[in-house]
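Take my numbering: the final residue in the sequence shown is number 358, and no numbers are missing along the way. All C-beta atoms in this analysis are idealised placements derived from N, C-alpha and C, irrespective of residue type, glycine included. These numbers were taken from a predicted model, which means no experiment stands behind them. See below for the structure under consideration.
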Amino acid sequence: MANLEIGIVGLPNTGKTSVFNALTNAGAAVTAYGATSASANVGVAPVPDRRLEDLAEAVGSREIIPASVQFVDVSGLARGGAKGGTLGGELLGHLRAGDAIIHVVRTFPDEDVAHVEGRVDPVADAEAVDLELVLADHALVERRIERGAKLARTGQKAARDEAPVLERLLARLDEGLPARTLGEPLPADLDLLTTKPLLYVANTSESGDPEAVARLREYAAPVQVVPVAAKFEAELAELDDPEERAAFLAEIGQDQAGMPRVAAAAFGLLDLIQFFTVGPKEARAWPIRRGGSAVEAAGKIHSDIARGFIRAEVIPWQELVASGSHTEAAKRGVQRVEGRDYTVSDGDVINVRFNV
Ligand SMILES: Nc1nc2c(ncn2[C@@H]2O[C@H](COP(=O)(O)OP(=O)(O)OP(=O)(O)O)[C@@H](O)[C@H]2O)c(=O)[nH]1
Ligand SMILES: [Mg+2]
């Protein structure tokens, strides 16, 4: 069960499925001709966290359960797709339903892999896809304005009130700019693509394509670009031996596979923090929005636990690692008792006392 869902977009043949495979170890088919398949690849990737491993070791937990992200890889989006309606259906649905979007941009030069435009130009590619997303939102806002005009005539105040901001939004989209640049609160039920948290993944060759990545960064700023050698890492993900994997990574000067970095970046993008539940059975990470309360944390674990909430026993993770057990932590006075409104800190180990 994944904690959040992220849609993967990009031009055909940019390596979306390779990125997806490296992220999820799913082994979906990749093709060199942009042979787009109709259905989506769906897979779950863990967000590894060193703290969780330290906790499990200190306390002797039998199992480690990291937080997870669900990725949905849908087949390539073509230029003009939004206008022509090919961005309708499945792709749009997945993207609108997700919590964030990963936009894969090809920087790797490879004669054997066809490019839809016959050349590799990461900034032009990124612009083309970004424009498709803007156009899809444009269509959505236009429909909303039309519907709103009808409702306003029948005297519905809400529809009348939101009309000015929708017009400003439409003008922004008309300029080809994403809705997030408007900087105004928008109607909450407006499912825009271009307000979603966004992350670019530069799909590089093993050399890392520093020049192309730098150009893409300049275009993308302030949005983050995470470079990943997807094909290389997808091959890497197939190796069972961790030592062999580490040796391959060292060869391209990385100490960590790119994909955990992508998953972690996606996590940061959504401004999520993690709290932990730790016992002999398992050490488990739970994501929660920054600023979330103890009772919200309880609700992540189970709605019954939130309903019956009495108090939260909280130990900062380092203190539990140093103590080796909850009992010892309590003896040392590093365990606090907090109420339902307590604001959870990143790395809190939480034990909720509740009524059933
Ligand atoms: N040289 C090189 N080739 C890559 C890299 N990433 C992907 N490829 C190749 O590019 C082709 C397309 O990769 P996919 O991952 O299927 O691309 P996609 O974006 O999912 O393609 P569609 O779903 O058809 O739009 C395959 O032949 C991959 O092996 C890379 O980093 N370097
Ligand atoms: Mg694909």
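- Inter-segment contact for the region 126 to 137 and the region 231 to 241 is absent: fewer than three beta-carbon pairs are separated by less than 8 Å.
- Shortest gap from the CB of residue 17 to any heavy atom of ligand 1: under 7 Å.
- Following the DSSP letters along the chain, one finds residue 140 inside the alpha helix (DSSP H) bounded by residues 124 to 155.
- Relative to ligand 2, residue 112 has its C-beta separated by 7 Å or more from all heavy atoms.
- Residues 317, 321, 322, 325, 337 of the same chain have their beta carbon placed closer than 7 Å to that of residue 331, with the five preceding and five following residues left out of the count.
- DSSP places residue 329 inside the alpha helix (DSSP H), whose first and last residues are 328 to 333.
- Within the chosen limit of 7 Å, ligand 1 does not reach the beta carbon of residue 229 with any heavy atom.
- Assignment of residue 72 by DSSP, reduced to helix, strand and coil, places it in the strand class.
- DSSP, read as helix, strand or coil, puts residue 278 in strand.
- By the CB criterion at 8 Å, residue 143 and residue 184 fall outside the cutoff.
- In this model, residue 289 and residue 343 are separated by some 17 Å (Cα to Cα).
- Within a 10 Å sphere around the beta-carbon of residue 166 sit fewer than 16 other beta-carbons, which makes this residue exposed.
- Spatial neighbours of residue 287 in its own chain (CB-CB distance under 6 Å, excluding positions within 5 residues in sequence) are listed in chain order as 51, 54, 68, 69, 276, 278.
- For residue 353, the enclosing beta strand (DSSP E) covers residues 350 to 356.
- Counted as a single uninterrupted DSSP element, the beta strand (DSSP E) harbouring residue 284 occupies residues 284 to 291.
- 8 Å or more divides the Cβ of residue 95 from the Cβ of residue 73.
- If you look at residue 309, you'll find it in the alpha helix (DSSP H) that goes 305 to 309.
- Pairing residue 26 with residue 47 gives a Cβ-Cβ distance under 8 Å.
- Positions of the beta strand (DSSP E) runs, each at least 3 residues long and wholly inside the region 194 to 267, are given as 200 to 205, 227 to 230 in order along the chain.
- Ranking 19, 24, 17 by CA distance to the CA of residue 263 puts 24 first.
- Remark: the C-beta of residue 14 is in contact range of ligand 1, defined as less than 7 Å to any heavy atom.
- The C-alpha of residue 298 lies about 7 Å from the C-alpha of residue 308.
- In this structure, residue 111 lies near residue 207, with their beta-carbon atoms less than 8 Å apart.
- Here residue 139 is not near residue 200, since their CB atoms are 8 Å or more apart.
- Segment contact: the region 10 to 18 against the region 97 to 112, three or more CB-CB distances shorter than 8 Å; contact assigned.
- Setting aside the 5 residues that flank it on each side, residue 75 is surrounded in the same chain by 10, 18, 19, 22, 43, each with a C-beta closer than 6 Å to its C-beta; the list follows chain order.
- For residue 115, the CB falls within less than 7 Å of some heavy atom of ligand 1.
- About 5 Å separates the beta carbon of residue 63 from that of residue 284, a gap short enough to meet the 8 Å contact definition.
- With 16 or more other Cβ atoms inside 10 Å of its own Cβ, residue 198 counts as buried.
- Contact between residue 130 and residue 13 holds: CB atoms are separated by about 7 Å, below the 8 Å threshold.
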